[in-house]
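Enquirer: Following this message is one structure expressed as structure tokens.
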Amino acid sequence: MRRRATLALPLLLAARGARAQDGRRLELIVPYPPGGGNDIGARALAPALERELGMPVVVLNRPGAGSQIGMAQVARARPDGLTIGYGLWPQTTTLYLDASRQAGFTRESFTPLALHVTDPGAITVRADSPLRSLADLVAASRARPDDFRMSDNGQLGHEHLASIRLQRMAGLRFNQVHFNGAGPALTALLGGQTEAAIFAVGTASGQMRQGAVRALAVLSAEESPFLPGVPTARAQGFDIIAGSTRAFVAPAGLPPDLRDRLASALQRAITSPEHEERMRALSIPITYRGADAFAAYWAEEERLLRPLIAELTREGRSQ
């Protein structure tokens, strides 16, 4: 294991713009299907990261079990600087805090590298839905307890947790439908299999521009510039703030020199003018944090979520 890490080092220390000639590549694992926010963000960054590292960057989709399969693959990978993951928080944290999931990893199974974006959530319906506000959604659900179909991108992800909070605040009980990523959840919403869904703004805004969905509320403290005219949930009487944080990790045990090199390459790629412009076009806000700041953010998130997940598990609401 150590020998392979040593062999990888000259590649990562190569001058910027150089190309690896021995067939090596960086594998960037996305634990979700194509088409969702994580997949879009990873592929948007890959060209800039490739230039910074001087080697090919290949995005590999490894979906399943609400990102558990892909994140477990990252945790098991050799810490040689040639495999990293692009995960979603709080989803990654809730996977291992819910003991029933038997995730096979914890926070200590990874080396934090960089926080890329925090994308607020948005409650959406199909464009032809009669629901035009959160009040309409609450009324529809109240009329059909346990039958109104609300979908999310994975159990105990930010969408699911936001849905639970809305149900508690309004005294509702949705028929909650879980999917393995935004792509399948969006397909179900557009196909009428579900009546509402919570997506990140980056996903919702693109679908709104195409006239496919309507956003009823944005789950941020203030209205989003990417969803003009859409009120916050707070402004409609529901103080819910939630979003999708996407970040890069490597397996635990990554040598410090490789960790620093990967973290520096990610910083340059994420903050490059080209990438910033690309993300603006995708309506995804960059909120970069370095490796140490991301590690602190993750530890604090775990501290706050641990009692909540324990409570939901006791209630049987984690499913």
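One rule links them: number in this note's numbering = place in the sequence shown (from 1) + 1. Note that beta-carbon positions come from the ideal geometry of N, C-alpha and C, so glycine has one too. This structure is a prediction, so every number in the text was calculated from the model and none was measured.
(1) Taking all protein chains shown into account, decide if R52 is buried (16 or more other Cβ within 10 angstroms of its Cβ) or exposed.
(2) Run the CB neighbour count on L305, radius 10 Å, all protein chains shown included, and call it buried at 16 or more, exposed below.
(3) I think M280 touches A45, with their Cβ atoms under 8 Å apart; what is that distance to the nearest whole Å?
(4) In terms of residues, what are the limits of the beta strand (DSSP E) holding Y87?
(5) V75: buried (16+ other C-beta within 10 angstroms of its C-beta) or exposed?
(6) Which of the three DSSP states, helix, strand or coil, is assigned to E303?
(7) When the Cβ atoms of the stretch 177 to 193 are set against those of the stretch 26 to 42, are three or more pairs found closer than 8 Å?
(8) Please state whether the Cβ-Cβ distance between A73 and A100 is less than 9 Å.
(9) With which residues is A324 paired in a DSSP beta bridge?
(10) Are there 16 or more other CB atoms within 10 angstroms of the CB of T272, so buried, or fewer, so exposed?
(11) Have a look at D261, E109 and Y87 and flag the residue whose alpha-carbon is nearest the alpha-carbon of V118.
(12) Which partner residues of P252 appear in the DSSP bridge assignment?
(13) Identify which residue in E316, L263, E275 and I242 has its Cα closest to the Cα of A91.
(14) On the DSSP bridge list, what partners appear for D120?
(15) Tell me, to the nearest whole angstrom, how far the beta carbon of V202 is from that of P121; I am working on the premise that it is less than 8 Å.
Expert: Checking against the coordinates, here is how it stands:
(1) Label assigned to R52: buried.
(2) The residue in question, L305, is exposed, as its Cβ has fewer than 16 Cβ neighbours within 10 Å.
(3) Confirmed, Cβ separation roughly 6 Å.
(4) T84 to W90
(5) buried
(6) helix
(7) yes
(8) no
(9) Given a span of 2 to 320 for the chain in the structure shown, any question on residue 324 remains unanswerable.
(10) exposed
(11) Per the Cα distances, Y87.
(12) F111
(13) Correcting the residue identity first, residue 91 is Pro in this sequence and not Ala. Of the listed residues, the one whose Cα sits closest to P91 is I242.
(14) S245
(15) 5 Å
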